[in-house]
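Count the sequence shown with full-length UniProt numbering and you get residues 1 to 219, in order. Structure, as structure tokens:
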Amino acid sequence: MERLRGERAEPPGPLIPVKAPVLKSCDKAPVRFHAGSDPDPLDRKTQLAVNSMRGLTAAFSALAILIAPVALASEADPHQLYERKCAGCHSPHAGDFVWLELDTGQEPLAGRNSGRSVAALLEGGHGRLTPAEAAILMSHFQAIRASGQLFRTKCRICHDTASGLVRRALILRDGTLTGRYTGRDIGQFLTVHGRLTPSEAEQMLGVLERIATSTGRID
Ligand code: HEC
Ligand code: HEC
């Protein structure tokens with residue numbers, strides 16, 4: 001919270017029940033329909049249906065699910081969600097936010113300065129999240145706490161963040177976490193890299209695998 005002092009940034013206002021992410025992906029729909037040279041007949045049907053139902057929330061949601069799986073997937077990436085909605089005023093990465101700005105000894109998770117419950121804060125509209133987004137971030141914060149300080153204490157000196165490392169270099173191939181460019185079996189590699197005990201190596205593998213899954217780094 002150090003960097004917040006003196007800046008006096010106003011905390012964001014109350015929660016407005018917007019359908020922003022869905023509407024945003026719908027806005028892009030026409031571009032997609034016209035972009036393909038060989039449109040799928042289903043797409044044409046969908047387009048007609050949508051034209052006639054424009055304005056109906058149900059149509060927007062159905063359309064978003066049909067045509068924007070990529071946008072929805074990235075919407076659900078908790079790291080990106082944090083970076084988009086919180087990093088502007090808080091630590092640049094969710095891991096630092098949890099370890100530096102939250103009281104990780106509290107259950108439920110609470111702010112280090114205010115002692116206020118993070119869940120209650122987000123439900124009250126801080127950060128302008130939808131309820132679904134708030135749930136995604138809360139479970140992400142819990143997962144970071146559960147994974148312990150391992151990455152911060154043993155890996156950080158050479159790799160900036162666990163999620164950065166996964167995004168850049170790793171991929172789940174047939175369920176095995178693998179070096180994207182080295183082809184390494186990362187589970188084996190961690191038994192001889194980073195000075196981990198066998199049980200820490202196992203824990204670290206779990207953390208990296210979870211990040212790879214949640215960020216869609218899957219072959
Ligand atoms: C526009 C700036 C801004 C954004 C965006 C923002 N915050 Fe905050 N946040 C603040 C300020 C300023 C405070 C301190 C004042 C306060 O407690 O009301 C704060 C306080 C907090 C606290 C309490 C910290 C403590 O030590 O007690 C938590 C938890 C928190 N924010 C979480 C989040 C999360 C999670 C997000 C993203 C969903 C977010 N904030 C987005 C400005 C912001
Ligand atoms: C002293 C610096 C240092 C520390 C500490 C360190 N690493 Fe590394 N790590 C490297 C370097 C350098 C490479 C690339 C070298 C290579 O590919 O052989 C690497 C490669 C990796 C790779 C493989 C990437 C690939 O493409 O195959 C993973 C995964 C990894 N590190 C994880 C960790 C984890 C987890 C920790 C903490 C437990 C850690 N590292 C600690 C320096 C470090």
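Idealized CB from N, CA, C, for every residue including glycine.
Member of the options whose CA lies at the smallest distance from the CA of residue i
i, options, result
"Glu-107", "Ala-119, Leu-100, Leu-177 and Asp-96", "Ala-119"
"Met-138", "Cys-89, Val-98 and Arg-180", "Val-98"
"His-90", "Gly-125, Gly-111 and Arg-180", "Gly-111"
"Gly-183", "Phe-141, Ala-169, Cys-158 and Leu-205", "Ala-169"
"Ala-162", "Ile-136, Pro-131, Gly-125 and Glu-209", "Glu-209"
"Ser-214", "Arg-84, Pro-92, Glu-101 and Ile-136", "Ile-136"
"Ala-87", "Thr-104, Val-192, Ala-201 and Gly-127", "Gly-127"
"Gly-175", "Ile-218, Ile-144 and Asp-103", "Ile-218"
"His-159", "Ser-147, Asp-185, Gly-194 and Gly-187", "Gly-194"
Closer than 7 Å: residue i CB and nearest ligand 2 heavy atom
i, result
"His-90", "no"
"Arg-184", "yes"
"His-159", "yes"
"Gly-179", "yes"
"Leu-129", "no"
"Ala-169", "yes"
"Gly-187", "no"
Which of helix, strand or coil DSSP assigns to residue i
i, result
"Ala-71", "The predicted position of Ala-71 is uncertain, since its pLDDT is 44 and thus under 50; a value taken from the coordinates is nonetheless stated next. In the structure shown, Ala-71 sits in a helix (DSSP, three-state: H, G or I)."
"Ile-144", "helix"
"Ile-218", "strand"
"Thr-183", "Strictly speaking, residue 183 in this sequence is Gly, with Thr absent from that position. Correct three-state label for Gly-183: coil."
"Ile-211", "helix"
"Phe-60", "Note that Phe-60 has pLDDT 45, beneath the 50 cutoff, so the model's placement of it is unreliable and no number is given."
"Asp-77", "coil"
"Asp-160", "coil"
"Arg-128", "coil"
"Ser-37", "Here the model assigns Ser-37 a pLDDT of 39, short of 50, so the residue's position is not dependable, and the following value carries that caveat. Reduced to three states, the DSSP call for Ser-37 is coil."
"Thr-153", "helix"
"Arg-168", "helix"
"Arg-195", "coil"
"Gly-111", "strand"
"Leu-205", "helix"
"Leu-102", "strand"
"Leu-190", "coil"
Distance cut-off 7 Å: residue i Cβ against heavy atoms of ligand 1
i, result
"His-126", "yes"
"Leu-137", "yes"
"Lys-85", "yes"
"Glu-123", "no"
"Glu-107", "no"
"Val-118", "yes"
"Glu-202", "no"
Supposed contact pair residue j and residue i - C-beta distance, whole angstroms, cut 8 Å
i, j, result
"Gly-95", "Arg-152", "7 Å"
"Glu-83", "Leu-150", "With a Cβ gap of about 22 Å, Glu-83 and Leu-150 do not count as contacting."
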